[in-house]
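Numbering (our numbering), first residue to last: 400 to 747.
I have placed the structure first, in the form of structure tokens, so that the comments after it can refer back to it.
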Amino acid sequence: MSNNDVQRKNNISRLFPQGVPLLWCPPLTHYRSDKSIDFERMKKHINHIAPYINSYLIPGSTSDGWEISFEEYKQILNFVFKEFIPDSEINVLIGLLRTDSSDVRKFLDYAVKFLQENNIETDMDNYRSSRFKGFVLCAPKGENLTQQEIKDAIVPILEKKYPIVLYQLPQITQNEISPEIISELAEKYPNFYMMKDSSGQDKVAYAGLDYHDMILLRGAEGNYHKYLKAAGGPYDGFLLSTGNTFAKGLKYIVDQVISGNLSDAEKESTELTKIIDEVFTIASTIPFGNAFTNSNKLLDHIFAHGKQWLKASAPLTHAGEILSQEILQKIDEILQKSSYYPSKGYLE
Numbered sequence: 400m401s402n403n404d405v406q407r408k409n410n411i412s413r414l415f416p417q418g419v420p421l422l423w424c425p426p427l428t429h430y431r432s433d434k435s436i437d438f439e440r441m442k443k444h445i446n447h448i449a450p451y452i453n454s455y456l457i458p459g460s461t462s463d464g465w466e467i468s469f470e471e472y473k474q475i476l477n478f479v480f481k482e483f484i485p486d487s488e489i490n491v492l493i494g495l496l497r498t499d500s501s502d503v504r505k506f507l508d509y510a511v512k513f514l515q516e517n518n519i520e521t522d523m524d525n526y527r528s529s530r531f532k533g534f535v536l537c538a539p540k541g542e543n544l545t546q547q548e549i550k551d552a553i554v555p556i557l558e559k560k561y562p563i564v565l566y567q568l569p570q571i572t573q574n575e576i577s578p579e580i581i582s583e584l585a586e587k588y589p590n591f592y593m594m595k596d597s598s599g600q601d602k603v604a605y606a607g608l609d610y611h612d613m614i615l616l617r618g619a620e621g622n623y624h625k626y627l628k629a630a631g632g633p634y635d636g637f638l639l640s641t642g643n644t645f646a647k648g649l650k651y652i653v654d655q656v657i658s659g660n661l662s663d664a665e666k667e668s669t670e671l672t673k674i675i676d677e678v679f680t681i682a683s684t685i686p687f688g689n690a691f692t693n694s695n696k697l698l699d700h701i702f703a704h705g706k707q708w709l710k711a712s713a714p715l716t717h718a719g720e721i722l723s724q725e726i727l728q729k730i731d732e733i734l735q736k737s738s739y740y741p742s743k744g745y746l747e
């Protein structure tokens, strides 16, 4: 084991003295009718899922991380690190979800300044216990970028020695960071301690290269029982949009896999995958927003209000579009045929 590998192991232990969480999610960003962020609603939602998933990417793709303005980003950081007092301890990764490297630096510089002003250490070498667990960034956008160009965009941030998580999301970036580059960066930078892959192709995880004990999280949905190392898969854990709405079910699956109860895990995973496939198929017909966010907002609306969901104002996208009652009715029908339909909404 190299010195950098030892350092990464120590870094992970300092970040997560109780062990690395196996389940993460990007919490939904809720909005009021005037398009402002509804932080009180967000607080209630996070407290609802926290008993099952207490580790978050904020803002993530499902949190509208690619769409939010710089001012909204500031508001979100202030909420997460100053205003929000959760019912229990949480872990937070800060998303730097911009398609342009200069915007990434702008968001990063602000976040570092903000955290330091609030006595939260950002340097991995001097890390002190806090809910901050690092920054998350993607490759720059461009389908014709070479691997060297992608690497050159990432390295300057890795050299700042902040705890870093790389996020594979070709659906947005139009490219993928190769397994070889991931391995090379992991070997050189012990502050690069985790990777999330939402490509659905799992090329990095299945490449069989040495990632120097870096943590691998899967971000693609479905068949959850197959992918954890405890089940013979290549991943340490998950970072899933559906953690917003199926946190309890996902935790049950992970717990059963870890305990060796693979048949129970598969049964739950099969039902959950079927529901999610049906919901995502419907959400993909909505002509605005993205299917992951829309799916979870539709589901969350029903979980929040239960059978009274028709009486509540329909959820809004970042741009202010209303997710219609007609679509919500279809989601309600799917849930009613499952074991997940709520007897009472968590806001009731």
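Heads up, the beta-carbon is just placed ideally off N, CA and C, and yes, glycines get one too.
> Where do the N-terminal and C-terminal ends of the beta strand (DSSP E) with Ser454 fall, by residue?
Replying inline: Reading the sequence shown from its first residue, position 55 is the one you call residue 454. In this chain, the beta strand (DSSP E) harbouring Ser454 covers 454-457.
>> Checking 8 angstroms against the spacing of the C-beta atoms, do Tyr561 and Asp522 come in under that value?
In response: For the purposes of this step, residue 561 is taken as the residue at position 162 of the sequence shown. For the purposes of this step, residue 522 is taken as the residue at position 123 of the sequence shown. In contact: Tyr561 and Asp522 (Cβ atoms closer than 8 angstroms).
> Touch check for the segment 616-627 and the segment 548-560: three-plus C-beta pairs under 8 angstroms?
Replying inline: no
> Within 8 angstroms (strictly less), CB to CB, does Ala629 reach chain B?
Replying inline: In summary, chain B is missing from the structure at hand, where a single protein chain is found.
> How is the beta strand (DSSP E) around Met594 delimited, first residue to last?
Replying inline: Residue 594 sits at position 195 when you count from the first residue of the sequence shown. First-last of the beta strand (DSSP E) with Met594: 591-596.
> Does the Cβ of Ile718 have 16 or more other Cβ atoms within 10 Å, making it buried, or fewer, making it exposed?
Replying inline: Residue mapping note: residue 718 aligns to position 319 of the sequence shown, counting from 1. Reading off the sequence shown, one finds Ala at residue 718, where the question assumed Ile. Burial call: exposed.
> Candidates Tyr634, Leu671, Lys625: which alpha carbon is nearest Leu649's?
Replying inline: By 1-based counting over the sequence shown, the position of residue 649 is 250. Looking at the Cα atoms, Leu671 is the closest of the given residues.
> Roughly how many angstroms lie between the CA atoms of Lys696 and Tyr651, to the nearest whole one?
Replying inline: Taking the sequence shown and counting its residues from 1, one reaches residue 696 at position 297. Taking the sequence shown and counting its residues from 1, one reaches residue 651 at position 252. Cα to Cα, Lys696 sits roughly 22 angstroms from Tyr651.
> Among Asp731, Asn660, Asp699, Ile493, which residue has its Cα nearest to the Cα of Pro458?
Replying inline: What you label residue 458 is simply residue 59 of the sequence shown in a count that begins at 1. Checking every option, the nearest Cα to that of Pro458 belongs to Ile493.
> Just checking my contact of Asn517 with Phe480 at CB under 8 angstroms: how many whole Å lie between their CB atoms?
Replying inline: Within the sequence shown, residue 517 is the residue found at index 118, counting from 1. Within the sequence shown, residue 480 is the residue found at index 81, counting from 1. Confirmed, Cβ separation roughly 6 angstroms.
> Is it a yes or a no for the segment 424-437 touching the segment 460-467, going by three-plus beta-carbon pairs under 8 angstroms?
Replying inline: With three or more CB-CB distances shorter than 8 angstroms, the segment 424-437 counts as touching the segment 460-467.
>> In the DSSP assignment, the beta strand (DSSP E) including Val564 goes from what residue to what residue?
In response: Numbered from its first residue, the sequence shown carries residue 564 at position 165. That run of the beta strand (DSSP E) goes 563-567.
> Within 10 angstroms of its Cβ, does Leu616 collect 16 or more other Cβ (buried), or is it exposed?
Replying inline: Looking up residue 616 in the sequence shown gives position 217. It is buried - the Cβ of Leu616 has at least 16 other Cβ atoms within 10 Å.
> Leaving out five residues before and five after Phe469 in sequence, what residues of the same chain have Cβ atoms less than 8 angstroms from its Cβ?
Replying inline: Your numbering for residue 469 matches position 70 in the sequence shown. Lys505, Phe506, Tyr509.
> Are Pro420 and Gly636 close, meaning C-beta to C-beta below 8 angstroms?
Replying inline: Position 21 of the sequence shown holds residue 420. Position 237 of the sequence shown holds residue 636. When the beta-carbon positions are compared, Pro420 and Gly636 come within less than 8 angstroms of each other.
>> Between which residues of its own chain and Val503 is the CB-CB distance below 7 angstroms, once the five residues before and five after are set aside?
In response: Start at 1 with the first residue of the sequence shown, and residue 503 comes out as number 104. Leaving aside the five residues that flank Val503 on each side, the residues in its chain whose CB is nearer than 7 angstroms to its CB run, in chain order, Leu495, Arg497, Leu536.
>> Taking the alpha-carbon of Ile580 as reference, which of Pro569, His447, Gln707, Leu608 has the nearest alpha-carbon?
In response: Along the sequence shown, one-based indexing puts residue 580 at 181. The shortest Cα separation from Ile580 among Pro569, His447, Gln707, Leu608 belongs to Leu608.
>> So, with DSSP's three-state summary, where would you put Trp708?
In response: Within the sequence shown, residue 708 is the residue found at index 309, counting from 1. Helix.
>> Does Asn402 pass the burial test, meaning 16 or more other C-beta atoms within 10 Å, or should it be called exposed?
In response: For this step, residue 402 is matched to residue 3 along the sequence shown. Around the C-beta of Asn402, fewer than 16 other C-beta atoms lie within 10 Å, and the residue is accordingly described as exposed.
> Measuring CA to CA, which of Ala690, Lys625, His700, Leu709 is closest to Ile657?
Replying inline: Start at 1 with the first residue of the sequence shown, and residue 657 comes out as number 258. It is Lys625 whose Cα lies nearest to the Cα of Ile657.
>> Can you look up Asn490 in the DSSP assignment and give me helix, strand or coil?
In response: Counting from one through the sequence shown, the residue named residue 490 turns up at place 91. Looking at Asn490 - three-state DSSP - the assignment turns out to be strand.
> Do Gln567 and Ser528 come within 8 angstroms of each other at the CB atom, strictly closer than that value?
Replying inline: Numbered from its first residue, the sequence shown carries residue 528 at position 129. Numbered from its first residue, the sequence shown carries residue 567 at position 168. Not in contact: Ser528 and Gln567 (Cβ atoms no closer than 8 angstroms).
>> Given this structure, state the Cα-to-Cα distance separating Ile436 from Val653, to the nearest angstrom.
In response: Sequence index remark: in the sequence shown, residue 436 carries index 37 (1-based). Sequence index remark: in the sequence shown, residue 653 carries index 254 (1-based). When rounded, the distance between both Cα atoms is 32 angstroms.
>> Measuring only the C-alpha atoms, how far is Lys743 from Met441?
In response: Sequence index remark: in the sequence shown, residue 743 carries index 344 (1-based). Sequence index remark: in the sequence shown, residue 441 carries index 42 (1-based). The straight-line gap from Cα to Cα measures roughly 19 angstroms.
>> When you compare the CB positions of Met593 and Val564, do they come within less than 8 angstroms of one another, or not?
In response: To locate residue 593, count along the sequence shown from 1; it is residue 194. To locate residue 564, count along the sequence shown from 1; it is residue 165. Yes, Cβ-Cβ distance for Met593 and Val564 is below 8 angstroms.
> Given that a residue counts as buried once 16 or more other Cβ atoms are within 10 Å of its Cβ, and exposed if not, what is Ser432?
Replying inline: In the sequence shown, the residue the question calls residue 432 occupies position 33. Label assigned to Ser432: exposed.
>> Please give the ranges of any beta strand (DSSP E) in the segment 436-481, keeping only runs that are unbroken, at least 3 residues long and fully inside the region.
In response: 454-457
> Counting along the chain, where does the alpha helix (DSSP H) carrying Ile730 start and finish?
Replying inline: Here residue 730 is taken as the residue at index 331 of the sequence shown, counted from 1. Ile730 -> alpha helix (DSSP H) spans 724-735.
>> Is it the case that the segment 722-734 contacts the segment 703-713, given that we only count it when at least three CB pairs across the two stretches are under 8 angstroms?
In response: yes
>> Distance check for Asp699 and Phe687, CA to CA, integer angstroms please.
In response: Walking along the sequence shown from the start, residue 687 turns up at place 288. Walking along the sequence shown from the start, residue 699 turns up at place 300. Cα to Cα, Phe687 sits roughly 18 angstroms from Asp699.
> With burial defined as no fewer than 16 other Cβ atoms inside 10 Å of the residue's Cβ, what is the status of Met613: buried or exposed?
Replying inline: One-based indexing of the sequence shown puts residue 613 at position 214. Result: buried.
>> Considering just the uninterrupted stretch of the beta strand (DSSP E) at Arg527, what are its terminal residues?
In response: Position 128 of the sequence shown, counted from the start, is the residue given in the question as residue 527. Per DSSP, Arg527 belongs to no beta strand (DSSP E) and is neither H nor E.
> Near Ser487, what residues of its chain come up, given a Cβ to Cβ distance below 8 angstroms and the 5 sequence neighbours on each side ignored?
Replying inline: The residue you call residue 487 lines up with position 88 of the sequence shown. Counting only Cβ-Cβ distances below 8 angstroms, and skipping sequence neighbours, we find Ala449, Pro450, Asn453.
> Would a C-beta distance cut-off of 8 angstroms place Arg476 and Phe513 closer than the cut-off?
Replying inline: The residue labelled residue 476 in the question sits at position 77 within the sequence shown. The residue labelled residue 513 in the question sits at position 114 within the sequence shown. Per the sequence presented here, residue 476 reads as Leu, with Arg not at that position. The answer is yes: Cβ separation under 8 angstroms.
> Are the beta-carbon atoms belonging to Tyr605 and Pro633 less than 8 angstroms from one another?
Replying inline: Here residue 605 refers to the residue found at position 206 when the sequence shown is read from its first residue. Here residue 633 refers to the residue found at position 234 when the sequence shown is read from its first residue. Cβ distance < 8 angstroms, so Tyr605 and Pro633 count as in contact.
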